[in-house]
Ligand code: OVM
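In the working numbering, the protein residues as written are 2 to 400.
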């Protein structure tokens, strides 16, 4: 029999304002305390902050399941705020079926087909930003871009798209505790849930778009017609707030590392690795949970069935056991193995689209802008799961 190890316990609340504003000191304490750590304020929860364990948990989907929710709430014990996602909050065999459909719709071939349009939109938007000179990196760039290209690709009408921001904020807050952030998001979402569900219906989706392709998969018998709107809902839940903040965070990284931006400007083909390193350095989705399906162990530490395992992606992505100089943003690092998109069977199904968006925005930026200057203090939008900025004043010095 394996030896069992004692488990460390820390009085840390990952959802305190202090830790949401600056999570990095907390990440270090959790990584150093052990491979798996109990959190005093959350009984029944353990956290993994090291890369090795986060990766291992994600790659053992039979032991560490998603069907009981990938937030703090255990859906075996408490009702979810909305009907469960058929892909995010599902396990095989259901997950296998739904994933196959989304995976085909978002395949490398599909991404090739949207590339020209996504590039043209990025260039048009960056032209406007450079004309302005001083911009809010979030409102004028990071939000506008995904909010235009992704709903266009899904086939959602222009009117009311700002509802997607309110909805995404709720979805990602719902994975945390019942704190003030969740209470406020719950209030705000009430006005938009109807719009979201309405826009999952076939008659609201442009023929041929990603959304309509889900309905076509239902016609083909790959999924049921009852499942189709729920899978469109996944696009609308996961496709906008994530890329907005991925782009916002990388703009922040570049603005605060002028020597890295200089390299990107000198060689715009570094756009893709610069975005990738941004995801490692400041992971958009900071955390996801799994639930122990049975009594099990992590790194020799025994865990009871139904234990919620908090996987700290952002901490794993700066684990010094994995990365040399982990706190350094270095666009030449090539950070393969980062877990900003998760890993294993639930690894982000839209990652090729996310990477395309990051790449074309940074390419268009690099070609037009010689230098980025911080034009004032930034502000954060606190969210229980997302690393998000509210404002990011930037001065773009044209090439
Ligand atoms: C979904 C969903 C929602 C949020 C995130 C996500 C990261 C998926 O509704 O399927 O993946």
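Here a beta-carbon is modelled for each residue, glycine too, at the ideal position from N, C-alpha and C.
- Residue 156 is classed as buried because its beta carbon has at least 16 other beta carbons within 10 Å across all chains shown.
- Three or more Cβ pairs drawn from the region 193-202 and the region 225-234 lie within less than 8 Å of each other, which places the two stretches in contact.
- By the 16-neighbour rule on beta-carbons within 10 angstroms, residue 311 is buried.
- Unbroken beta strand (DSSP E) runs of no fewer than 3 residues, entirely contained in the region 16-60, are found at 38-40 and 46-49, following chain order.
- Classified as buried, residue 175 has 16 or more neighbouring CB atoms from the shown chains inside 10 Å of its CB.
- Distances taken from the Cβ of residue 89 to the heavy atoms of the ligand OVM include one shorter than 7 Å.
- Buried is the label assigned to residue 309, since at least 16 other Cβ atoms lie within 10 Å of its Cβ.
- Looking at the DSSP output, residue 306 sits in no beta bridge, so it has no partner there.
- Straight through space, the alpha carbons of residue 372 and residue 90 are spaced by roughly 43 Å.
- If you look at residue 234, you'll find it isn't in any beta strand (DSSP E); it sits in the alpha helix (DSSP H) that goes 228-239.
- For the ligand OVM, a non-hydrogen atom lies closer than 7 Å to the CB of residue 172.
- Here residue 154 is near residue 115, since their CB atoms are less than 8 Å apart.
- Annotated as distal: residue 103 and residue 340, with beta-carbon spacing of 8 Å or more.
- Distance from the Cα of residue 187 is smallest, within the candidate group 208, 369, 385 and 204, for 385.
- The criterion of a C-beta distance shorter than 8 Å is not satisfied by residue 258 and residue 367.
- Across the structure, residue 138 and residue 181 are spaced so that their CA atoms are roughly 27 Å apart.
- Of all C-beta pairs linking the region 355-370 to the region 77-92, fewer than three are shorter than 8 Å, placing the two stretches out of contact.
- Relative to the non-hydrogen atoms of the ligand OVM, the Cβ of residue 349 comes within a distance shorter than 7 Å of at least one.
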